[in-house]
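K.L.:
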Amino acid sequence: MALMQLLIFAATIVTMIDRSVAFSCSVAVGDEQTISGSISCGAISVDGTLRVQSNTYITANRIDVSSTGTLYVGSATSPVSDVTIYLQHTLDDLSAGQLMSSGNVYIYGAEKTSWTLLNSDCRQCTVISVDECSNWSVGDTIVVVSTGNGASSFAELIQSRDNFASEQRNIADIIDSSSGSDSSCLVRLDAALSFYHRGAWIDGVVPTQAEVLNMDRSVRITGPTPHYYTSSDATKGFQGISTRQQFGGVMQMHNTRIENCGRVVLGEYCLHFHLIGRCPLCQFVGNVITNSNNKAITVHGTHQSTVDHNIVYDHRGAFLYIEDGNEYDNVISNNVLVCPDLNNFAPLGAMTRGSRCMLYGITHQNDADNHEQ
0 MALMQLLIFA ATIVTMIDRS VAFSCSVAVG DEQTISGSIS CGAISVDGTL RVQSNTYITA
60 NRIDVSSTGT LYVGSATSPV SDVTIYLQHT LDDLSAGQLM SSGNVYIYGA EKTSWTLLNS
120 DCRQCTVISV DECSNWSVGD TIVVVSTGNG ASSFAELIQS RDNFASEQRN IADIIDSSSG
180 SDSSCLVRLD AALSFYHRGA WIDGVVPTQA EVLNMDRSVR ITGPTPHYYT SSDATKGFQG
240 ISTRQQFGGV MQMHNTRIEN CGRVVLGEYC LHFHLIGRCP LCQFVGNVIT NSNNKAITVH
300 GTHQSTVDHN IVYDHRGAFL YIEDGNEYDN VISNNVLVCP DLNNFAPLGA MTRGSRCMLY
360 GITHQNDADN HEQ
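For the sequence shown, numbering that gives the first Met the number 0 begins at 0 and goes up steadily by one.
1) Could you say which of M99, S39, S94 lies nearest to E63 if we only look at CA atoms?
2) For R187 and H196, what's the separation of their Cα atoms in angstroms?
3) F283 and V263 look like a contact to me (Cβ under 8 Å); what is the Cβ gap, rounded to whole Å?
4) Going by DSSP, what residue range makes up the alpha helix (DSSP H) through F153?
5) Can you give me the C-alpha to C-alpha distance between S230 and V204, rounded to a whole angstrom?
6) Near D175, which residues of its chain fall below 6 Å by C-beta distance, leaving aside the five closest residues on each side in sequence?
7) Taking the beta strand (DSSP E) that L270 falls in, what are its first and last residues?
8) Rounded C-beta distance between G451 and G222? I'm assuming under 8 Å.
9) At the level of alpha carbons, what is the spacing between L270 and A150?
10) In three-state DSSP terms, what is R216?
11) According to DSSP, simplified to helix, strand and coil, what is R160?
12) For I7, I'd like the list of residues in its chain whose CB is within less than 8 Å of its CB, leaving aside the five on either flank, ordered along the chain.
13) Here's a check: name, in chain order, each residue in its chain whose Cβ is nearer than 6 Å to the Cβ of S145, leaving out the five neighbours to either side.
14) Alpha carbon to alpha carbon, how far is T242 from D313?
15) Just confirm the distance between the C-beta atoms of H299 and Y327, as a whole number of angstroms; I'd bet it's less than 8 Å.
16) Below 8 Å, how does it come out for the stretch 288-298 and the stretch 102-117: are there three or more Cβ pairs, yes or no?
17) Quick test of your reading: G198 and A209, contact by CB under 8 Å. State the CB separation rounded to the nearest angstrom.
18) Under DSSP, the beta strand (DSSP E) around G102 begins and ends at which residues?
19) By Cβ distance below 6 Å, which residues in the same chain neighbour A349 in space, the five residues on each side in sequence not counted?
20) In this structure, how does DSSP classify R197 when only helix, strand and coil are distinguished?
21) In the DSSP assignment, find the unbroken beta strand (DSSP E) run with R315 in it and report its ends.
22) Please identify the residue among V82, T89, A59 whose C-alpha is closest to the C-alpha of A42.
23) How many whole angstroms separate the CB atoms of V218 and V335, which I take to be in contact at a CB cut-off of 8 Å?
Here you go:
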């Protein structure tokens, strides 16, 4: 009898464990599920509450969060690490490769210095000095933005493409990251920079300091290498992943890397607030958008949102797009919008077909547009 009771108890425990880890790729209204590890679904539907823990790799064609649903990937007080959301799609299926929400989405990667400024000149140096480097780590990819490679006039600047080149390196060591009001960081790179990057004001008057971007985040939303309509011509189309918060609800995305994103399709953008109305809780903060197309960050029919300390690097299209012109009281501040090099080297005013990265943004005067780089 004792043995039978023990077997029944063990079977009950196994059943409870199985229920705690099973994920059917959908969460019903009123239900709450927590996932971690490797998750693979055709599509994920969230009508209840889904929580994603650290050390999770999700593969899905699409994720839909309904008006009754909430998706948590970490929180402001407990950000996650090592989370990847891989949105699979093919060229003939535009319904795949999407994260779409009309409910609530909260994605919080680990907080870190998104970007900072070089504070001393670097002439092909290996060690750079920057203003901040909070939570930077050995192995992180950084980009040191071009400041003209030492050119002192426009005539000199346009003599070489090298004068427009930003440079990408990895952190080999963080020598000093002192804290305090006069703190700065000494960061050793894995290889010397090839060009001259300014870190001091010209003649003490012009604030020409290179931005230094940290391109890594503890949450990554990605997909396959973008599909082109004509493989032989990279200017013909670009189908990546897309995300959108629409018609209500709240999206807060912090310290997340979004890559291989955007499509040559209306509304299919990397980060997109779409017809939400007043949303003071909507936030895009500290994110990285790279290898992207069409619109990187779009605020459309949405008011009182925050777009702050984001990086857009290597993008073809509008980096920052305030769509209708009737959006108001959005705080758009401290974002860095960078092409890796000169997008065309034609005579002034001319264009070339092979442009990969084109930098422009469209904003509206009723929004606070501060300190864009």
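Glycine is no exception: its CB is placed at the ideal position from the N, C-alpha and C atoms.
P.N.:
Let me spell this out:
1) The question names Glu, but residue 63 is Asp in the sequence shown. Nearest C-alpha to D63: M99.
2) Roughly 15 Å between the two C-alpha positions.
3) The Cβ separation is near 22 Å, so there is no contact.
4) Segment 153-156, the alpha helix (DSSP H) holding F153.
5) Near 48 Å, if we compare the C-alpha coordinates of V204 and S230.
6) Contacts found: L185.
7) L270 -> beta strand (DSSP E) spans 270-277.
8) It is not possible to answer for residue 451, since the shown part of the chain is limited to 0 through 372.
9) About 36 Å.
10) Three-state DSSP puts R216 in coil, outside helix and strand.
11) Residue state, collapsed to three classes: helix.
12) Reliability of the predicted coordinates at I7 is poor, the pLDDT of 47 falling under 50, and the value obtained from them is presented with this limitation in mind. Nothing listed; no residue qualifies.
13) So the list reads F163, A164, S165, once near-sequence residues are dropped.
14) Answer to the nearest angstrom: the Cα atoms are 18 Å apart.
15) Not confirmed; about 13 Å, so no contact.
16) Contact fails: fewer than three Cβ-Cβ distances are below 8 Å.
17) Indeed they touch by this definition, with Cβ atoms about 6 Å apart.
18) It is not in any beta strand (DSSP E) - G102 carries neither H nor E in the DSSP assignment.
19) Since pLDDT at A349 reaches only 45, below the 50 mark, its modelled position is unreliable, and the value read off the structure follows with that caveat. No residues qualify anywhere along the chain.
20) DSSP places R197 in coil when its eight states are reduced to three.
21) 310-321 is the extent of the beta strand (DSSP E) around R315.
22) A42 has its Cα closest to that of A59, out of V82, T89, A59.
23) Wrong, their Cβ atoms sit about 19 Å apart, outside the cutoff.
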